[in-house]
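What follows is one structure encoded as structure tokens, with my remarks underneath.
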Amino acid sequence: GIQVEQSPPDLILQEGANSTLRCNFSDSVNNLQWFHQNPWGQLINLFYIPSGTKQNGRLSATTVATERYSLLYISSSQTTDSGVYFCAVERSGGGADGLTFGKGTHLIIQP
Amino acid sequence: AAGVIQSPRHLIKEKRETATLKCYPIPRHDTVYWYQQGPGQDPQFLISFYEKMQSDKGSIPDRFSAQQFSDYHSELNMSSLELGDSALYFCASSRRQGWSLHEAFFGQGTRLTVV
Numbered sequence: 003g004i005q006v007e008q009s010p011p012d013l014i015l016q017e018g019a020n021s022t023l024r025c026n027f028s029d030s031v032n033n034l035q036w037f038h039q040n041p042w043g044q045l046i047n048l049f050y051i052p053s054g055t056k057q058n059g060r061l062s063a064t065t066v067a068t069e070r071y072s073l074l075y076i077s078s079s080q081t082t083d084s085g086v087y088f089c090a091v092e093r094s095g096g097g098a099d100g101l102t103f104g105k106g107t108h109l110i111i112q113p
Numbered sequence: 006a007a008g009v010i011q012s013p014r015h016l017i018k019e020k021r022e023t024a025t026l027k028c029y030p031i032p033r034h035d036t037v038y039w040y041q042q043g044p045g046q047d048p049q050f051l052i053s054f055y056e057k058m059q060s061d062k063g064s065i066p067d068r069f070s071a072q073q074f075s076d077y078h079s080e081l082n083m084s085s086l087e088l089g090d091s092a093l094y095f096c097a098s099s100r101r102q103g104w105s106l107h108e109a110f111f112g113q114g115t116r117l118t119v120v
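Quick note, the sequences are listed as chains A and B, same order.
Position in the first sequence (first residue = 1) + 2 = my numbering.
Position in the second sequence (first residue = 1) + 5 = my numbering.
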């Protein structure tokens, strides 16, 4: 199956800092999504971004499908940004097995 | 906007008991997925349904089964529960167009604890 690698695995920042999270994938994809899992376990949709660039407030994401990677940018971090950020992809022509998740980046924002 | 609804939110069962988790997808979504997330792990795909028919299986134990009903809600049935089944179980729904999956949305999950 498709391999999804996220980096860094852990990140500790001070409030107000900026960060870049990376997702590499091993095959062509139809779908790529970024999620934030909050401390209560809820998976919150951040971006649906199989290609191109999107922005939503302090967050933005870029996927370069031809080079098989995606980046999530978080600016002016707040303590509420803490949690695990997952990249998940669906392989092109992959049938109905849905999204394959990376191991996630565990982000801690300190006040 | 309507979201994916899962019930119950929390469930405590003893070893060897059975459990049934329910999922109500977003209206007009034709595809439902079940995922299992162990502590500190990423979500792992279990099984999926498209238009009420099972479409694919992932790492789902033989002790587990699932189905999707005529109203599109889905149930995950888990029997002979083991301590290792303790996890967060997610249901997700989406619309499928050919081989492409539109944006998937996840429910809040059911936290199963087996004691």
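All C-beta atoms in this analysis are idealised placements derived from N, C-alpha and C, irrespective of residue type, glycine included.
Residue range 85-93 is occupied by the beta strand (DSSP E) that includes Gly-85 of chain A. Listed in chain order, the non-local C-beta contacts of Asp-83 of chain A below 7 Å within the same chain comprise Ile-76, Leu-109 and Ile-111, local neighbours out to five positions each way being set aside. Using beta-carbon distances, Lys-105 of chain A counts as an interface residue toward chain B, with a partner under 8 Å. Contacts with chain B at 8 Å (Cβ-Cβ) include Glu-92 of chain A. With a minimum length of 4 residues, there is no unbroken run of alpha helix (DSSP H) contained wholly in the region 9-55 of chain A. In this chain, Tyr-77 of chain B is not harboured by any beta strand (DSSP E), its DSSP state being neither H nor E. Under the DSSP assignment, Asp-61 of chain B falls in the beta strand (DSSP E) whose first and last residues are 58-62. Note on geometry: alpha-carbon atoms of Thr-68 of chain A and Pro-52 of chain A lie some 11 Å from one another. One Cα belongs to Ser-84 of chain B, the other to Leu-61 of chain A, and the distance between them is close to 42 Å.
Taking 7 Å as the upper bound on Cβ-Cβ separation, chain B lies near residues Asn-32, Asn-33, Gln-35, Gly-43, Gln-44, Leu-45, Asn-47 and Tyr-50 of the region 28-59 of chain A. One alpha carbon belongs to Gly-45 of chain B, the other to Lys-27 of chain B, and they sit about 24 Å apart.
In this structure Ser-105 of chain B is in contact with Asn-33 of chain A, their Cβ atoms being roughly 7 Å apart against a cut-off of 8 Å. The Cβ atoms of Ser-28 of chain A and Arg-70 of chain A sit closer than 8 Å to each other. For Ile-17 of chain B, the enclosing beta strand (DSSP E) stretches over residues 15-18. With a 10 Å radius around the Cβ and a threshold of 16 neighbouring Cβ atoms, Val-86 of chain A comes out buried.
About 7 Å separates the Cβ atoms of Gln-35 of chain A and Leu-101 of chain A, confirming a contact at the 8 Å cut-off. Out of B:Phe-110, B:Glu-87, B:Arg-68 and B:Tyr-29, the CA that lies nearest to the CA of Lys-57 of chain B is found in B:Tyr-29.
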